[in-house]
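One structure is given here, and the rest of the page talks about it.
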């Protein structure tokens, strides 16, 4: 009986499982998003989040401990140079799992696992947008903004009409000079 055992063996021996999780973690750090099965993604999340947390402190000891799990110098460098500064304020939850449906061949439940801070769609900018209050009153900031916008449009229209007048005057002057030159040639 496996009462209380919460570890998913993923149908592999321990050496194969460790190698697979290490490779998947390196790919996730390098590409910021990978597609895999839901079971593997949940195990990968448990594997990679402590490593990301350790990367917040850039010391020789931390780098060696992370290298012990990843075994890839490029991934360790990427983790400490690019990922760690972006997640420095985050307390945890560095990854997000998004289910994508079922695989065609064997109907396995598939998903994308990604680093939260590297997604442009759900990024911090979207969360920081302030909401504007809408009222039924005509006054306030909205009315002032509308008046300034109307004034700006009028000023731009006046500048455009002035530029058009200057262009027509220049064209008329050029036409008069051409007519004068042609009359002199005929005479």
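Numbering (the working numbering), first residue to last: 3 to 189. Idealized CB from N, CA, C, for every residue including glycine. Note that this is a predicted model, so its numbers are computed, not measured.
Could you check if residue 164 is buried or exposed, using at least 16 other CB atoms within 10 Å of its CB as the buried criterion?
-> With fewer than 16 other Cβ atoms within 10 Å, it is exposed.
Measure the CB-CB distance between residue 115 and residue 97 and report whether it falls below 8 Å.
-> Against a cut-off of 8 Å, the Cβ pair of residue 97 and residue 115 comes out as a contact.
DSSP state of residue 45, grouped into three classes?
-> Residue 45: helix per DSSP, three-state reduction.
Below 8 Å between beta carbons: does that hold for residue 120 and residue 34?
-> Yes; because the gap between Cβ atoms is below 8 Å, this pair is in contact.
Just checking, does the stretch 10-22 make contact with the stretch 41-51 on the three C-beta pairs under 8 Å criterion?
-> Counting Cβ pairs under 8 Å, three or more are found: they touch.
Where residue 79 sits in the DSSP three-state scheme | Shown here, residue 79 sits in a helix according to DSSP, grouped into three states.
Selected residue, minimal CA-CA separation from residue 118, among 30, 24, 17 and 3 = Its Cα nearest to that of residue 118, the residue 30 stands out among 30, 24, 17 and 3.
Report all residues from its chain with a CB closer than 7 Å to the CB of residue 73; omit the five preceding and five following residues, and keep chain order.
-> Beyond the five residues adjoining it in sequence on each side, residue 73 comes within less than 7 Å, by CB distance, of 24 in the same chain, given in chain order.
Going along the chain, which residues of its own chain have a beta-carbon closer than 7 Å to the beta-carbon of residue 67, five neighbours each way excluded?
-> Closer than 7 Å at Cβ, skipping near neighbours: 56.
Leaving out five residues before and five after residue 71 in sequence, what residues of the same chain have Cβ atoms less than 8 Å from its Cβ?
-> Excluding residues up to 5 positions away in sequence, 24, 27, 49 and 53 lie with their Cβ nearer than 8 Å to the Cβ of residue 71 in the same chain.
Scan the stretch 8-56 and note each continuous beta strand (DSSP E) run of 3 residues or more that stays entirely inside, going in chain order.
-> Runs of the beta strand (DSSP E) lying entirely within the stretch 8-56 and spanning at least 3 residues, in chain order: 35-39.
Going by alpha carbons, who is nearest to residue 196 out of 100, 58 and 106?
-> Past the boundaries of the shown model lies residue 196; the chain is included only from 3 to 189, so the question cannot be answered.
Would you grab the beta carbon distance between residue 112 and residue 62 for me? Rounded to a whole angstrom, and I think it's under 8 Å.
-> In fact, because the Cβ distance is near 39 Å, the residues do not count as touching under 8 Å.
Residue range of the beta strand (DSSP E) that residue 135 falls in?
-> Where residue 135 is concerned, there is no enclosing beta strand (DSSP E), given that its DSSP letter is neither H nor E.
C-alpha gap between residue 176 and residue 146, whole angstroms | Distance between residue 176 and residue 146, taken at the CA atoms: about 45 Å.
Where does residue 64 land, buried or exposed, given buried means 16+ other C-beta within 10 angstroms?
-> Burial state of residue 64 is buried, judged by a 10 Å Cβ sphere holding 16 or more other Cβ atoms.
Give me the Cα-Cα distance between residue 83 and residue 150, rounded to the nearest whole angstrom.
-> Those two C-alpha atoms are separated by around 46 Å.
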